[in-house]
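Peer 1:
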Amino acid sequence: VNSTSLSSNDSHQYFIPSDVLGVLQLRYHVVLPIIVAAGILTNSFCLVIVNSPKLQNIHINIYFKFMTVVDLVAFIAHIPLLIDTEFCVYSNVIWTTYMTYLGITIPYTLRICNSCVLLIISYDRILAAWFHSKFLQVKHQRVAMRRLSILVIFITVTFIPILACGRVFHVNERWVSIPGFKIQLENVWFKIYRKCVLYLSAVAPILLIVGLNVGLIIAVIKKEFHGNRTRNRSFFLTVAVLVVNVTYSFCTIPYIVWASLYEIDDGNCNGTYNTEFVMMILYC
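Numbering-wise (this note's numbering), the sequence shown opens with residue 117 and increments by one.
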């Protein structure tokens, strides 16, 4: 915990305006409980589906298993936020530390991880449609496990420094929480590093997914699928991936992009009314 004693003259900077407080209460105590409950139920149902014996021989299923588990954990990680009533100025240092380094950042990091998995799935469907011989080389489960392991290691290593940027300040017998994703950094090079990581891990996969979708749509229209026995399966899997991509684009990608651009003003621990209101809409 990086504890910094501030004078009483600075403590007013960490006061949450009433309009911002109202938006935060609406987001965390009305909107988020509904989303978390629906997300946990839906992903639990999806987990039953992807574990169906009929789907075990489909190589893409291991990616859907991974995405379902990660998304389920992301929704569960939101549960502590539902009981948060102080938002960024807390009376307990342990709770402040948790909210700074884990509470908000874990769900965000997990969603970025899923966007990268969706990129891998889309890439494989492109290979299946247009470069079938190369697709046969990557459709094995050991390849999928190696990819997912590398992805988890990459996300963990690159995001740990950003999580470590979070700060906990001691102000007039209270504790102020500023996560690493939001805080303004004085170190220029580290600020550049954070922006590069956020853009490369969040925005770049999104742009690549959009580009791959074009190739998938053309493949579906032209029905460019090789082989006779597996032709229908490959076609329907490609359509399924397109549906997932479109759904994901409307539901999650705007949230990731906005959160990547989210940075609070110096001396505050929450954004403005407009910023927090947009975040609430993206939660929906």
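For glycine and all other residues, C-beta sits at the position ideal for the given N, C-alpha and C.
Since this is a predicted model, take the numbers as computed values, not measurements.
1. Do Leu234 and Tyr315 have their beta-carbon atoms positioned less than 8 angstroms apart in this structure?
2. Ignore the nearest five residues each way along the sequence and tell me which others in Val254's own chain have a CB closer than 7 angstroms to its CB.
3. For Cys281 and Val146, what's the separation of their Cα atoms in angstroms?
4. To which residues does DSSP link Val205 through a beta bridge?
5. For the pair the stretch 209 to 217 and the stretch 165 to 178, tell me if three or more CB-CB distances fall below 8 angstroms.
6. Can you find a CB in chain C that lies within less than 8 angstroms of the CB of Val326?
7. Taking the alpha-carbon of Phe247 as reference, which of Leu188, Gly331, Val359, Leu142 has the nearest alpha-carbon?
8. Candidates Asn208, Ser249, Ile192: which alpha carbon is nearest Glu289's?
9. Can you tell me where the alpha helix (DSSP H) holding Pro149 begins and where it ends?
10. Rounded to a whole number of angstroms, what is the C-alpha to C-alpha distance between His194 and Cys204?
11. Does the distance from the CB of Asn159 to the CB of Phe191 come in under 8 angstroms?
12. Just to confirm, is the Cβ distance from Cys232 to Pro321 under 8 angstroms?
13. Assign Phe366 to one of two classes, buried (16 or more other C-beta atoms within 10 Å of its C-beta) or exposed (fewer than that).
14. Which one of Pro149, Leu198, Tyr206, Gln257 has the shortest CA to CA distance from Leu172?
15. Residues in its own chain within less than 6 angstroms of Leu163 by CB, not counting five upstream and five downstream?
16. Taking Val186 and Cys229 to be in contact with their CB atoms under 8 angstroms, please state how far apart those CB atoms are, rounded to whole angstroms.
17. If the criterion is Cβ atoms closer than 8 angstroms, does the pair Leu188 and Tyr144 meet it?
18. Is the CB-CB distance between Phe393 and Val152 below 8 angstroms?
19. Compare the C-alpha of Leu328 against each of Trp305, Tyr309, Val319, Asn361 and name the closest.
Peer 2: Here's the rundown:
1. Here residue 315 is taken as the residue at index 199 of the sequence shown, counted from 1. Here residue 234 is taken as the residue at index 118 of the sequence shown, counted from 1. At a Cβ-Cβ threshold of 8 angstroms, Tyr315 and Leu234 do not count as neighbours.
2. What you label residue 254 is simply residue 138 of the sequence shown in a count that begins at 1. For Val254, same chain residues with a beta-carbon under 7 angstroms away, outside a window of 5 residues either side, are Asp240, Leu243 in chain order.
3. Within the sequence shown, residue 281 is the residue found at index 165, counting from 1. Within the sequence shown, residue 146 is the residue found at index 30, counting from 1. Going from the Cα of Cys281 to the Cα of Val146 covers about 30 angstroms.
4. As a position in the sequence shown, residue 205 is number 89, starting the count at 1. According to DSSP, Val205 bridges with Val292.
5. No, because fewer than three Cβ pairs between the stretch 209 to 217 and the stretch 165 to 178 fall closer than 8 angstroms, the two stretches do not touch.
6. In the structure shown, chain C does not exist; there is a single protein chain.
7. Stepping through the sequence shown from its first residue, residue 247 is reached at position 131. Phe247 has its Cα closest to that of Gly331, out of Leu188, Gly331, Val359, Leu142.
8. Position 173 of the sequence shown holds residue 289. For Glu289, the nearest C-alpha among the options comes from Asn208.
9. Taking the sequence shown and counting its residues from 1, one reaches residue 149 at position 33. 148 to 166 is the extent of the alpha helix (DSSP H) around Pro149.
10. Here residue 194 corresponds to residue number 78 of the sequence shown, with the count starting at 1. Here residue 204 corresponds to residue number 88 of the sequence shown, with the count starting at 1. In this structure, the alpha-carbon of His194 lies about 16 angstroms from that of Cys204.
11. Within the sequence shown, numbered from 1, the residue matching residue 159 stands at position 43. Within the sequence shown, numbered from 1, the residue matching residue 191 stands at position 75. In this structure, Asn159 lies near Phe191, with their beta-carbon atoms less than 8 angstroms apart.
12. Indexing the sequence shown from 1 puts residue 232 at position 116. Indexing the sequence shown from 1 puts residue 321 at position 205. Result yes, Cβ atoms of Cys232 and Pro321 sit closer than 8 angstroms.
13. Here residue 366 refers to the residue found at position 250 of the sequence shown. The residue is exposed, with fewer than 16 neighbouring Cβ atoms inside 10 Å.
14. The sequence position of residue 172 within the sequence shown is 56, counting from 1. At residue 172 the sequence reads Gln, which differs from the Leu that was named. Just measuring C-alpha positions, the residue of Pro149, Leu198, Tyr206, Gln257 sitting nearest Gln172 is Gln257.
15. What you label residue 163 is simply residue 47 of the sequence shown in a count that begins at 1. Contacts found: Thr184.
16. The residue you call residue 186 lines up with position 70 of the sequence shown. The residue you call residue 229 lines up with position 113 of the sequence shown. Yes, Val186 and Cys229 are in contact; Cβ-Cβ is about 6 angstroms, under 8 angstroms.
17. Numbered from 1 along the sequence shown, position 72 holds the residue referred to as residue 188. Numbered from 1 along the sequence shown, position 28 holds the residue referred to as residue 144. No; because the gap between Cβ atoms is not below 8 angstroms, this pair is not in contact.
18. Position 277 of the sequence shown, counted from the start, is the residue given in the question as residue 393. Position 36 of the sequence shown, counted from the start, is the residue given in the question as residue 152. No.
19. As a position in the sequence shown, residue 328 is number 212, starting the count at 1. Measuring from the Cα of Leu328, the nearest candidate turns out to be Asn361.
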